[in-house]
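Comments concern the structure below.
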Amino acid sequence: MDAFYASVELLRYPDLKGQPVVIGGGRRHEPVLREDGSREYARLRDYTGRGVTTTATYEARDLGVHSGMGLMKAAVRAPDAILLPMDFDAYRMYSRRFKAAVAELAPVIEDRGIDEIYIDLGDVPGARDAVGHDPLGGVRALAQEIKNNVRRATALSCSIGITPNKLLSKIASELDKPDGLTILTLDDIPSRIWPMSPRKINGIGPKAAARLATLGIHTVGEVAAADPAWLIEQFGRSFGAWLHEASHGRDERPVVTHSEPVSISRETTFERDLHARHDRAELGEIFTRLCVQLAGDLQRKGYLGRTVGIKLRFEGFRTVTRDLTLDLPVQDAEAIRAAAGACLKRVDLSQRLRLLGVRMGGLCRPGDVQARRRTPRPARAVAEPLPQNLTLF
DNA sequence: TCTGGGGTCCTAGGACCC
DNA sequence: TCTGGGGTCCTAGGACCC
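Numbering follows UniProt numbering, with no gaps: position 260 of the first sequence is 260.
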């Protein structure tokens, strides 16, 4: 989906069409209805806090505002841009609608989050009918139908890439955004893919791209030209081999239509950094609230879990995790809170905190009888000796 | 003026088991 | 008396994605 959150908001506030709009941050900056019926919107320049841009309209992107960017930084680049808070319920509703619209025409769908899917057209009648005289005419028509159906169901546009595999489709879908439709064959790889930055490949992030650049590699084509043995030397057996394959557009992953969650979590970044001692009561409340929310999520979704984990982010952004695997799966807030509390005791809390999170892994369904480990776990040595008065929580 | 929240997967060491 | 090999589980951290 194109600029998904922002596009959904524009359906609600059509007067903002054509303007730089940024979605992100919290509650406070809802538009206010004036007496004459017009609306007063918050501007990016008025924002203070720790929020980030989740989505920016293409007009805002032209001003240098991109998703993931801190709103305070975005405000320097586009002070006059409109700022709207997130409305996840609305996005979820539109997400369901667009996926249902696609499924009417092509039911083999892999979920990739709220605004993205992979579709397997392999068995869709029509996609291959034209093979022989116009091999791609059939798929192009089908893709256009899918786009039409999504627009009919949601009034939103999407961009589609049609290629032999998921890796290439992900890249292709971004070649003609917004409202794009791009078809690529293996023959197009040298001309269309190799000139690109390695960053365009799903799985090459900022770190890998920076390392490639250090090695003098700035395009996918240069990765493809590199000796695979050398790539493995530089990046390890698994990632190095994958880099070689990916740069040649090779990807055998199937479209996965069903998957079970691995973990469920809740976390929150505080408006100001909190100290375990000075802000003990506040932190304790937040900690308990996270556990209660997590328990609610687990119960609503019908899972229990055996591995309770916590995540702490300190001032300066250093992140630490601890987890604890219980003998039996649990689901209730009290058990989660107790296990998470035990995890917390293993962390040095002398630095102030900016984030606290609670996570449940090792998920199973209530019916499952978990084979419980026969042997009790040995007591683990505490990694860091803790300052005496900071261990209580 | 630093950097959300919800996830997945990978690596690597140590414990433990056969 | 200085010592295998294979496997799983647990834990911590990090890269990456939407």
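We put the beta carbon where it would ideally sit given N, CA and C, even for glycine.
Can the beta-carbon of residue i be found less than 7 angstroms from the beta-carbon of residue j?
{"i": "residue 394", "j": "Leu142", "result": "Since the first residue shown for the chain is 1 and the last is 393, residue 394 is missing from the structure and cannot be characterised."}
{"i": "Leu84", "j": "Ile183", "result": "no"}
{"i": "Gly309", "j": "Thr321", "result": "yes"}
{"i": "Ala153", "j": "Arg97", "result": "yes"}
{"i": "Ala101", "j": "Thr55", "result": "no"}
{"i": "Met196", "j": "Val220", "result": "yes"}
{"i": "Leu294", "j": "Ile336", "result": "yes"}
{"i": "Ala246", "j": "Ile201", "result": "yes"}
{"i": "Phe235", "j": "Asp115", "result": "no"}
{"i": "Ala276", "j": "Leu156", "result": "no"}
{"i": "Val21", "j": "Thr57", "result": "yes"}
{"i": "Asp111", "j": "Leu167", "result": "no"}
Residue i to residue j, Cα distance in whole Å?
{"i": "Glu30", "j": "Glu40", "result": "9 angstroms"}
{"i": "Leu353", "j": "Ile146", "result": "47 angstroms"}
{"i": "Asp323", "j": "Leu304", "result": "16 angstroms"}
{"i": "Gly51", "j": "Leu290", "result": "19 angstroms"}
{"i": "Gln19", "j": "Asp332", "result": "46 angstroms"}
{"i": "Thr319", "j": "Arg313", "result": "4 angstroms"}
{"i": "Pro206", "j": "Arg199", "result": "7 angstroms"}
{"i": "Phe88", "j": "Gly240", "result": "38 angstroms"}
{"i": "Met360", "j": "Phe287", "result": "14 angstroms"}
{"i": "Arg77", "j": "His66", "result": "10 angstroms"}
{"i": "Val8", "j": "Glu233", "result": "46 angstroms"}
{"i": "Asp36", "j": "Asn148", "result": "36 angstroms"}
{"i": "Arg43", "j": "Arg61", "result": "16 angstroms"}
{"i": "Val278", "j": "Leu11", "result": "Contrary to the premise, residue 278 reads as His rather than Val in this sequence. Their backbone Cα atoms lie some 45 angstroms apart in a straight line."}
{"i": "Leu355", "j": "Lys345", "result": "16 angstroms"}
{"i": "Gly362", "j": "Ser263", "result": "7 angstroms"}
{"i": "Arg211", "j": "Val139", "result": "38 angstroms"}
{"i": "Gly296", "j": "Arg266", "result": "11 angstroms"}
Taking the alpha carbon of residue i as the point to measure from, which residue in the options has its own alpha carbon closest?
{"i": "Thr185", "options": "Pro198, Leu136 and Arg96", "result": "Leu136"}
{"i": "Gly367", "options": "Arg97, Val330, Arg359 and Gly341", "result": "Val330"}
{"i": "Val358", "options": "Thr268, Arg277 and His258", "result": "Thr268"}
{"i": "Thr257", "options": "Ala74, Pro107 and Ala100", "result": "Pro107"}
{"i": "Pro225", "options": "Arg211, Thr214, Pro190 and Ala208", "result": "The sequence shown places Ala at residue 225, rather than the Pro named in the question. Checking every option, the nearest Cα to that of Ala225 belongs to Pro190."}
{"i": "Asp273", "options": "Leu231, Glu245 and Phe317", "result": "Phe317"}
{"i": "Leu16", "options": "Arg306, Ala81 and Ala103", "result": "Ala81"}
{"i": "Pro254", "options": "Asn202, Asp46 and Asp120", "result": "Asp120"}
{"i": "Glu334", "options": "Val292, Thr214, Lys345 and Gly249", "result": "Val292"}
{"i": "residue 440", "options": "Ser95, His244 and Ile117", "result": "With the chain covering 1 to 393 only, the question about residue 440 has no answer from this structure."}
{"i": "Arg306", "options": "Leu328, Gly49, Asp297 and Tyr94", "result": "Leu328"}
{"i": "Cys364", "options": "Glu260, Gly138 and Gly341", "result": "Glu260"}
{"i": "His248", "options": "Lys99, Gly122 and Ile193", "result": "Ile193"}
Consult DSSP for residue i and reduce its assignment to one of helix, strand or coil.
{"i": "Pro378", "result": "No answer about Pro378 holds up, because its pLDDT of 44 lies below 50 and its placement is not dependable."}
{"i": "Glu222", "result": "helix"}
{"i": "Arg240", "result": "Going by the sequence as given, residue 240 is Gly instead of Arg. Of the three classes helix, strand and coil, the one that applies to Gly240 here is helix, per DSSP."}
{"i": "Leu349", "result": "coil"}
{"i": "Leu184", "result": "coil"}
{"i": "Ile114", "result": "coil"}
{"i": "Val131", "result": "Low confidence applies here, because Val131 scores a pLDDT of 44, under 50, leaving its location unreliable; read the following figure in that light. Coil, per DSSP."}
{"i": "Val308", "result": "strand"}
{"i": "Ala90", "result": "helix"}
{"i": "Ala106", "result": "coil"}
{"i": "Glu245", "result": "helix"}
{"i": "Ile82", "result": "strand"}
{"i": "Pro20", "result": "coil"}
{"i": "Ile189", "result": "helix"}
{"i": "Ala383", "result": "At Ala383 the pLDDT is 43, less than 50, meaning the model places this residue with poor confidence and gives no usable figure here."}
{"i": "Arg253", "result": "coil"}
{"i": "Leu44", "result": "helix"}
{"i": "Arg27", "result": "helix"}
{"i": "Leu33", "result": "strand"}
{"i": "Arg50", "result": "coil"}
Does the ligand COA have even one heavy atom less than 6 angstroms from the beta-carbon of residue i?
{"i": "Glu35", "result": "Although the ligand COA was asked about, the structure shown includes no ligands whatsoever."}
How far does the beta strand (DSSP E) with residue i in it reach, from first residue to last?
{"i": "Arg272", "result": "Ser263 to Leu274"}
{"i": "Ile217", "result": "No beta strand (DSSP E) holds Ile217; DSSP gives it neither H nor E."}
{"i": "Glu110", "result": "Ile109 to Asp111"}
{"i": "Ile286", "result": "From DSSP, Ile286 is part of no beta strand (DSSP E) but of the alpha helix (DSSP H) over Arg280 to Lys301."}
{"i": "Asp323", "result": "Thr319 to Val330"}
{"i": "Met360", "result": "Leu353 to Cys364"}
{"i": "Leu16", "result": "It is not in any beta strand (DSSP E) - Leu16 carries neither H nor E in the DSSP assignment."}
Please report the residue range of the alpha helix (DSSP H) in which residue i lies.
{"i": "Glu233", "result": "Pro228 to Phe235"}
{"i": "Tyr58", "result": "Tyr58 to Asp62"}
{"i": "Cys343", "result": "Ala333 to Leu344"}
{"i": "Gly138", "result": "Gly137 to Thr154"}
{"i": "Leu10", "result": "Phe4 to Arg12"}
{"i": "Ile160", "result": "Counting along the chain, Ile160 falls outside any alpha helix (DSSP H), though it belongs to the beta strand (DSSP E) covering Ile160 to Ile162."}
{"i": "Met72", "result": "Leu71 to Arg77"}
{"i": "Lys170", "result": "Lys166 to Ser173"}
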